[in-house]
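**Q**
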Amino acid sequence: AAEHMFKTSTTYKQEWDLDKLCGDFAGEGNSDGLSSEERNQVRIGKQVFYAGIVDAKTSKGGPISAEKLGKIDFAGLSHNEEAKKACLKAYAVHTENLWRLVRETGDKTKAISIVDLDGIGMSAAR
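Okay, so the sequence shown: first residue is 158 according to the working numbering, each after it adds one.
#1: What do you reckon, are the CB atoms on L175 and E253 nearer than 8 Å?
#2: What are the boundary residues of the alpha helix (DSSP H) that includes S166?
#3: In or out: F163 buried (at least 16 other Cβ within 10 Å) or exposed?
#4: In this structure, how does DSSP classify A247 when only helix, strand and coil are distinguished?
#5: Out of T262, T165 and V272, which has the shortest C-alpha to C-alpha gap to G218?
#6: Spell out the partners DSSP gives K214 in its beta bridges.
#7: On the DSSP bridge assignment, give the partners of S270 in chain order.
#8: If K267 sits next to T215, beta carbons under 8 Å apart, how far is it from one beta carbon to the other, in whole angstroms?
#9: Roughly how many whole angstroms lie between the Cα atoms of S166 and E172?
#10: I believe V250 touches L178 by the beta-carbon criterion, under 8 Å. Please report the beta-carbon distance rounded to the nearest angstrom.
#11: In angstroms with no decimal places, state the Cα-to-Cα distance between I269 and H236.
#12: If we ignore side chains and look at the alpha-carbon of each, how far apart do G233 and A223 end up?
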């Protein structure tokens, strides 16, 4: 049951071609090969989600990540499917990049992820 749950929880990686998506967000992809929808999703994703791997390590050598939401209208986002998809993909790219760094450092390494929610109230989550 656990193996099935794990496998089904990662199907988005294949559905979204996450390796290509990571390259697109990093600017490594051929932007000419992106559809206008894909280019728009990358643009929106970069506007609403600011994240980065900090140039620092945990005491065990793991990566440290900082996440901060950019300019985002949560109420408007709930009515915009394209923007929601762009946000999900941007977060998937950030998370995948963090996992890749964890895997590079060793099998028992842990990462630290700091989420900055400054300026975001509970009313924004509705």
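From the three backbone atoms N, C-alpha and C, an ideal C-beta is built for every residue, glycine too.
**A** This is what the structure holds:
#1: Position 18 of the sequence shown, counting from 1, holds the residue named residue 175. Position 96 of the sequence shown, counting from 1, holds the residue named residue 253. In this structure, E253 lies closer than 8 Å to L175 by Cβ.
#2: Here residue 166 refers to the residue found at position 9 when the sequence shown is read from its first residue. That run of the alpha helix (DSSP H) goes A159 to S166.
#3: Position 6 of the sequence shown, counted from the start, is the residue given in the question as residue 163. Exposed.
#4: Mapped onto the sequence shown, residue 247 falls at position 90. Note: A247 maps to helix in three-state DSSP.
#5: Along the sequence shown, one-based indexing puts residue 218 at 61. Here the closest residue by C-alpha is T262.
#6: Indexing the sequence shown from 1 puts residue 214 at position 57. Answer is P220.
#7: Indexing the sequence shown from 1 puts residue 270 at position 113. According to DSSP, which records beta bridges pairwise, S270 is partnered with S222.
#8: Position 110 of the sequence shown, counted from the start, is the residue given in the question as residue 267. Position 58 of the sequence shown, counted from the start, is the residue given in the question as residue 215. Confirmed, about 7 Å.
#9: To locate residue 166, count along the sequence shown from 1; it is residue 9. To locate residue 172, count along the sequence shown from 1; it is residue 15. Cα to Cα, the separation comes out at about 12 Å.
#10: Against the sequence shown, residue 250 aligns to sequence position 93. Against the sequence shown, residue 178 aligns to sequence position 21. Indeed, because the Cβ distance is near 6 Å, the residues count as touching under 8 Å.
#11: Residue 269 sits at position 112 when you count from the first residue of the sequence shown. Residue 236 sits at position 79 when you count from the first residue of the sequence shown. Using only the alpha carbons, I get a separation of about 32 Å.
#12: Your numbering for residue 233 matches position 76 in the sequence shown. Your numbering for residue 223 matches position 66 in the sequence shown. G233 and A223: Cα-Cα distance of roughly 25 Å.
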